[in-house]
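Reviewing the structure listed below.
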Amino acid sequence: MMSEGTDLPDIDRSISCQRCDAVCCRQTVLVMPEDTAVPRHMIARTPHGLHVMAHDEDGWCVAVDPTRMNCTIYDQRPGICRAFRMGSPDCRSVRDAYSRLYDEAAPPAE
Numbered sequence: 002m003m004s005e006g007t008d009l010p011d012i013d014r015s016i017s018c019q020r021c022d023a024v025c026c027r028q029t030v031l032v033m034p035e036d037t038a039v040p041r042h043m044i045a046r047t048p049h050g051l052h053v054m055a056h057d058e059d060g061w062c063v064a065v066d067p068t069r070m071n072c073t074i075y076d077q078r079p080g081i082c083r084a085f086r087m088g089s090p091d092c093r094s095v096r097d098a099y100s101r102l103y104d105e106a107a108p109p110a111e
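The opening residue of the sequence shown carries number 2 in this note's numbering; numbering runs sequentially from there.
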């Protein structure tokens, strides 16, 4: 979850990590070879041999503090997390997909 880069023209400034379910922290995040600062105990290996940020039993990235909903390794986070800008088109797309999934899973109103 990031707040830097909000001066970019494609950033929706009305979006805030503080008012979000942090759905970006439930995405699969590849850990690239250059991501040497990421703590190794937070990295999992997929059946296809890719290194990714591990997830807890609830599907959250293991680097997320569930109480404060922030990244515990912010200064060491993978490059993909660094590039994911709050309010960016990618952020909005993930939020929209999550909203649609949540709306479809909700019981019908009576």
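We put the CB at the ideal spot given by N, CA and C, even for glycine. All values derive from a computational prediction rather than experimental measurement.
Check: Can you tell which of Cys25, Ala64, Leu102 has its C-alpha closest to the C-alpha of Ile44?; Outcome: Ala64
Check: In whole angstroms, give me the CA-to-CA distance for Ser17 and Gly50.; Outcome: 34 Å
Check: Can you tell me the Cβ-Cβ gap for Ile12 and Arg86, rounded? I've got them flagged as a contact below 8 Å.; Outcome: 6 Å
Check: Reducing DSSP to helix, strand and coil, say where Cys72 ends up.; Outcome: strand
Check: DSSP three-state label for Cys21, please.; Outcome: coil
Check: For Leu31, I'd like the list of residues in its chain whose CB is within less than 8 Å of its CB, leaving aside the five on either flank, ordered along the chain.; Outcome: Leu51, His52, Val53, Pro79, Ile81
Check: Whose CA, out of His56, Arg83, Ser100, lies closest to the CA of Met1?; Outcome: The question about residue 1 has no answer here: the residues shown for the chain are numbered 2 through 111.
Check: What separation, rounded to the nearest whole angstrom, lies between the Cα atoms of Cys21 and Arg27?; Outcome: 12 Å
Check: Only counting the same chain, and skipping five residues up and downstream in sequence, which positions put a Cβ closer than 8 Å to that of Gln77?; Outcome: Ala38, Val39, Pro40
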